[in-house]
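Read the structure below first, then the notes.
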Amino acid sequence: MAKAKTAYVCSECGASFNKWQGQCGECAAWNTLSEFVVEPAASAKGGAAPARHAGWAGRVDEARITSLASVSQAAEVRVSTGIGELDRVLGGGLVEGSVVLVGGDPGIGKSTLLTQALASIGQALPSLYVTGEESLGQIAGRAQRLGLPLDSLQALAETCIEKIIARCVEGGPRLIVADSIQTLWSEQLTAAPGSVSQVRESAARLVRFAKETGTSVLLVGHVTKEGGIAGPRVLEHMVDAVLYFEGESGSRFRVLRAFKNRFGAVNELGVFAMGDKGLREVPNPSAIFLSGAAANPGSAVMVTREGTRPLMVEVQALVDQSPLANPRRVALGLEQNRMAMLLAVLHRHGGVGVFDQDVFVNVVGGIRVQETAADLPVLLAVLSSLRDAPLPEKTVAFGEVGLSGEIRPVPNGEERLKEAATHGFRRAIVPKANAPKKNAFKGLEVIAVERLAEALEAAV
Ligand code: TYD
Ligand code: MG
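Quick note: the sequence shown uses UniProt numbering, first residue 1, plus one each step.
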């Protein structure tokens with residue numbers, strides 16, 4: 001087969017070169033050149049249009065300017081993966097023709113999760129597991145250990161994207177799992193498999209195949225040390241949804257989080273436990289994240305709302321005299337800068353200074369909290385550790401802390417309070433605007449606060 005015409009394009013300025021070079025000749029940026037297919041190898045049917053224009057060339061005659069009112073809105077077709085927590089993170093099942101990237105550390109359980117999902121979907125929809133990392137024997141062995149029906153699983157051990165697509169065209173699966181995208185490569189590029197150009201080109205092929213045929217594609221992606229999906233950032237833009245599979249080493253709990261989703265809420269969490277029979281769903285995650293949350297100094301319980309359901313999590317702080325001129329500020333599961341800001345507000349508006357103390361804050365269970373409702377519980381945990389006194393028993397808190405020391409409301413206050421009441425909490429320190437008019441939750445005393453100082457007072 002004739003080689004495709006490729007060029008090395010600078011990601012900074014877009015200049016194109018025939019040969020790879022370390023520095024861009026146009027803008028002088030270093031290491032920004034990567035290989036692109038300019039013109040795919042001529043197919044048997046005779047010269048295809050250049051890749052960059054292939055999508056457009058065919059559609060020039062068809063595309064029309066249209067009033068949105070006359071567009072027929074076919075509801076997206078979703079299939080259940082048979083795993084409730086995975087369906088939840090996807091926004092209610094897998095959308096037909098969508099491409100989903102599942103990222104996570106090695107050994108976290110990506111292959112396990114997708115094998116389990118495939119075995120279930122495979123009953124309803126012809127599905128294919130494409131493996132570039134493990135042999136067919138290993139895949140079959142895992143499926144057997146998991147107790148899955150082997151006859152509903154079809155697998156293909158192949159890494160060349162052209163061959164994979166050819167097999168898919170013949171076999172006609174409606175769902176493809178590609179494990180992993182980093183192992184795939186295209187004949188049309190000379191770059192080594194695993195390189196940025198190969199990963200991008202392979203993903204682009206699969207995305208095009210998915211959109212043209214209505215096949216759903218689940219891509220497995222490795223994660224770099226920094227926590228992003230290895231390979232080009234552009235991968236995240238190409239796909240419809242990006243899910244991260246996370247967990248603490250040593251813990252059997254795993255959290256699946258939607259980072260981007262064109263068909264559902266982001267930050268939606270699905271919780272699993274890894275056992276000897278694979279991944280088991282945890283439909284009531286508040287219970288596991290709270291277990292062992294005794295009233296210790298430095299511990300506070302908050303109700304966060306990641307995605308579409310409230311979740312109770314414990315936040316812990318350790319505040320200790322620092323031997324350093326610049327005391328340490330470490331936040332795990334929270335944004336570091338936000339913590340620095342909160343500590344400044346604590347000093348200015350709460351009258352509590354920690355400038356000579358090391359402050360460590362950790363969200364228990366490997367959860368990452370991205371919403372501002374965590375502000376108040378974080379400060380309560382810090383205060384509790386500083387004073388070496390536990391917060392009153394069965395107390396929860398949530399609320400955003402503003403720079404002028406005001407406690408600002410957060411969305412879905414009632415729902416959070418209901419979750420706290422369900423789990424037997426007796427006191428809730430919440431923003432005034434989030435408190436219900438009359439005390440609606442039996443057994444739960446709602447303490448409405450407007451200023452940080454009031455909240456700190458309520459917590460002793
Ligand atoms: P795997 O799905 O291969 O991870 P990934 O594809 O993300 O690299 O899972 C590997 C880990 O999961 C491995 O350490 C063993 C563990 N595991 C179980 O604990 N129970 C099981 O039933 C299976 C299949 C794996
Ligand atoms: Mg794997």
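We put the CB at the ideal spot given by N, CA and C, even for glycine. Here the structure is a predicted model, which is why all the values come from computation and not from measurement.
- Taking non-hydrogen atoms of the ligand TYD into account, the C-beta of Met274 is found less than 7 Å away from one of them.
- When DSSP states are grouped into helix, strand and coil, Ile83 belongs to the coil group.
- In this structure, the alpha-carbon of Ala273 lies about 12 Å from that of Asn284.
- Across the structure, Ala63 and Lys211 are spaced so that their CA atoms are roughly 17 Å apart.
- A Cβ-Cβ contact shorter than 8 Å links Ser322 with Asp358.
- Ala119 and Leu86 have their C-alpha atoms some 14 Å from each other.
- Where Cys10 is concerned, the enclosing beta strand (DSSP E) starts and stops at 5–10.
- Beta-bridge pairing by DSSP links Glu314 to Val301.
- DSSP places Gly103 in the uninterrupted beta strand (DSSP E) bounded by 99–104.
- Taking the Cα positions, Ala389 is about 5 Å away from Pro297.
- The C-beta distance from Ile121 to Val79 rounds to 6 Å, short enough to meet the 8 Å contact threshold.
- Distance from Arg451 to Ile407 at the Cβ level is roughly 7 Å; contact confirmed, criterion being Cβ atoms closer than 8 Å.
- Counting only runs of 4+ residues, the alpha helix (DSSP H) found wholly inside the stretch 370–441 occupies 375–387, 413–422, in chain order.
- Counting along the chain, Ala448 sits inside the beta strand (DSSP E) bounded by residues 445–449.
- Put simply, the backbone Cα of Gly365 is about 24 Å away from that of Ala459.
- Between the C-alpha atoms of Gly171 and Gly137 there is a straight-line separation of about 21 Å.
- Exclusion of Glu96 from the 7 Å shell around the ligand MG follows from its C-beta lying no nearer than that to any non-hydrogen atom of the ligand.
- By the neighbour-count definition (other C-beta atoms within 10 Å, threshold 16), Leu243 is a buried residue.
- The beta carbon of Asp240 sits closer than 6 Å to those of Ser98, Val99, Arg262, all from its chain and outside the five residues before and after it, given in chain order.
- When C-alpha distances from Ile161 are compared across Gln154, Asp179, Arg174, Leu153, the shortest belongs to Asp179.
- Residue pairing of His222 in beta bridges, as defined by DSSP: Gly104.
- Secondary structure at Lys19: coil, using DSSP grouped into helix, strand and coil.
- At a cut-off of 7 Å, the beta-carbon of Asp87 does not count as near the ligand MG: no heavy atom of the ligand is closer than that.
- Inclusion of Ser127 and Gln154 in the CB contact set at 8 Å is warranted, their separation being smaller than that value.
- In the structure shown, Asp358 adopts extended strand secondary structure according to DSSP, grouped into three states.
- Just so you know, the alpha carbons of Arg254 and Gly350 end up roughly 37 Å apart.
- Relative to Ser286, the option among Ala74, Ala420, Thr308, Ala433 whose CA is nearest is Ala420.
- Annotation for Glu246 indicates a beta carbon at 7 Å or more from all heavy atoms of the ligand MG.
- In this structure Pro411 is exposed. Its beta-carbon is surrounded by fewer than 16 other beta-carbon atoms within 10 angstroms.
- In this structure, the CA atom of Gln123 is about 42 Å from the CA atom of Lys5.
- Straight-line measurement puts the Cα of Met302 at about 6 Å from the Cα of Phe398.
- Beta-bridge pairing by DSSP links Asp179 to Thr131.
- Going by C-alpha positions, Val130 is about 11 Å away from Thr183.
- For the ligand MG, no non-hydrogen atom lies closer than 7 Å to the CB of Ser135.
- Arg145 has its CB nearer than 7 Å to a heavy atom of the ligand TYD.
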